[in-house]
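Enquirer: I'd like to ask you about the structure that follows.
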Amino acid sequence: MKTIKTLFGLGALAGGGLLAYAWGAERPQLRLKSYRLVWPQGAGLKILHLSDQHLGRENWVQQLRFSQLEAMLPLFDPDIILFTGDFLHDDAGLAAVERMMQALPPARLGRYAVLGNHDYAVYSYGELFRNMARSVGQAATPERKLSALVAEAGQLGSLALDIYRNHRLRFAAVPNNTAELVRLLSLYDVILLDNRAVPLPGRPDIWIAGVDDLVEGEPDLARAMAHIPEEAGVILLTHNPDLAYEPAARRADIVFAGHTHGGQVALPWLGAIHTQGTRLPRKHAAGYFNDLPGGGQMIVSRGMGESTPFRLGAPPEMVWVEVA
Ligand SMILES: [Fe+2]
């Protein structure tokens, strides 16, 4: 009996330690991930790729990441800066978006962005639990309360299953002030590529295309690609990497994406627990891949932030790419 108690205590201690690490130790450590890509048409391009900031009200994790970002950014001289969405967690993060814009280094060929699902909506766990408590609290008799509790527990179980199966998550969402975010981006010369493409200034042989978010936006990849000259090289920005598996994405030479947060929890042998998508293979939750259906290359960033405050085996990152 004593042995069982000791084992149980040790297990609880290890679990608690792991949770504490995932909550407070890995999240504030912003890493730099560098790639050297072979793409003769774009040889010489230097690219800074920033994704999934999930900025909200100031807190110590956001502050620490910002100090690291502000220390690192002046070390880079990118030709282009790419943002692949989820700037916001909620509207309280608009001030931090502006602070980030002010810290960016110059980019002689421009700054480009697409929006992510969180730029449109806050997925409110708080609202979800409040709704559950309300539904149980409003039940008139103890029997009905019990049955409401069982029903809500079932909903939670099905949400957990959806997370594991990479199904699209649906729970209480509150709209974000997307219009103000778009205004801020334009104020800092960030070109929003909402289902459209533009040539790089002075480089009509390279176009950069962007598509709206798959979950909360109105993506039209065919429209984004429609006016690109046949001989031009194409860089595609999409928040959700699932869109890189659409037929129209075959036109892209390099795809930049975010959204997955690298699975947020990536376990030995099992890998990422959740890629937040249905088409991106689980083993591609983050990193560089060259096995897209059209033969294109893709970088999926783990992103710089997250909404659910845990990261384990998937630290936040900013991405630097040199094309050769
Ligand atoms: Fe995200």
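The sequence shown lines up with residues 225 to 548 when you count with the numbering used here. From the three backbone atoms N, C-alpha and C, an ideal C-beta is built for every residue, glycine too.
#1: Measure the beta-carbon distance from Leu256 to Met296 and round it to whole angstroms, keeping in mind my assumption that it falls under 8 Å.
#2: Whole angstroms is fine: what's the gap from Phe514's alpha carbon to Leu306's?
#3: Comparing the CB of His498 with every heavy atom of ligand 1, is any distance shorter than 7 Å?
#4: Residues with a Cβ closer than 5 Å to any heavy atom of ligand 1, in chain order?
#5: Put Glu541 into one of helix, strand or coil per three-state DSSP.
#6: Report all residues from its chain with a CB closer than 6 Å to the CB of Gly486; omit the five preceding and five following residues, and keep chain order.
#7: Pick from Gln488, Lys229, Gly434: whose alpha carbon is nearest that of Ile478?
#8: Would you call Met449 buried or exposed, if buried means 16 or more other Cβ atoms sit within 10 Å of its Cβ?
#9: State the Cα-Cα distance for the pair Ala316 and Thr230, rounded to the nearest angstrom.
#10: Note down the Cα distance separating Arg447 from Pro428, rounded to an integer number of angstroms.
#11: Verify whether the separation of the beta carbon atoms of Leu312 and Leu411 is less than 8 Å.
#12: Between which two residues does the alpha helix (DSSP H) carrying Arg447 extend?
#13: For His273, name the three-state secondary structure that DSSP assigns.
#14: Compare the Cα-Cα distances from Leu438 to each of Ala481, Gly426, Leu467, Ile459 and report the closest residue.
#15: Can you check DSSP and say which residues form a bridge with Ser258?
Expert: For this structure:
#1: The count along the sequence shown starts at 1 and reaches residue 256 at position 32. The count along the sequence shown starts at 1 and reaches residue 296 at position 72. Going by Cβ atoms, the distance from Leu256 to Met296 rounds to 6 Å, so yes, they are a contact pair.
#2: Within the sequence shown, numbered from 1, the residue matching residue 514 stands at position 290. Within the sequence shown, numbered from 1, the residue matching residue 306 stands at position 82. It is Asn, not Phe, that sits at residue 514 in the sequence shown. Roughly 19 Å between the two C-alpha positions.
#3: Working through the sequence shown from its first residue, we reach residue 498 at position 274. Checking every heavy atom of ligand 1 against the Cβ of His498, none is found closer than 7 Å.
#4: Asp276, Asp310
#5: In the sequence shown, the residue the question calls residue 541 occupies position 317. Three-state result, Glu541: strand.
#6: One-based indexing of the sequence shown puts residue 486 at position 262. Excluding positions up to five away in sequence, the list reads Ala509, Ala510, Arg526, Ala538.
#7: As a position in the sequence shown, residue 478 is number 254, starting the count at 1. The candidate whose alpha carbon is nearest that of Ile478 is Gly434.
#8: For this step, residue 449 is matched to residue 225 along the sequence shown. Buried, by the Cβ-count rule.
#9: Translated into positions along the sequence shown, residue 316 becomes position 92. Translated into positions along the sequence shown, residue 230 becomes position 6. If I take the Cα positions, the gap works out to 45 Å.
#10: To locate residue 447, count along the sequence shown from 1; it is residue 223. To locate residue 428, count along the sequence shown from 1; it is residue 204. Their backbone Cα atoms lie some 19 Å apart in a straight line.
#11: Reading the sequence shown from its first residue, position 88 is the one you call residue 312. Reading the sequence shown from its first residue, position 187 is the one you call residue 411. Cβ atoms of Leu312 and Leu411: not closer than 8 Å.
#12: Along the sequence shown, read from residue 1 onward, the residue named residue 447 stands at position 223. Arg447 -> alpha helix (DSSP H) spans 445 to 449.
#13: To locate residue 273, count along the sequence shown from 1; it is residue 49. Here His273 sits in strand by DSSP.
#14: By one-based count along the sequence shown, residue 438 stands at place 214. That would be Leu467, whose Cα lies nearest to the Cα of Leu438.
#15: The residue given as residue 258 occupies position 34 in the sequence shown. In the DSSP output, where bridge partners are listed per residue, Ser258 has Trp544.
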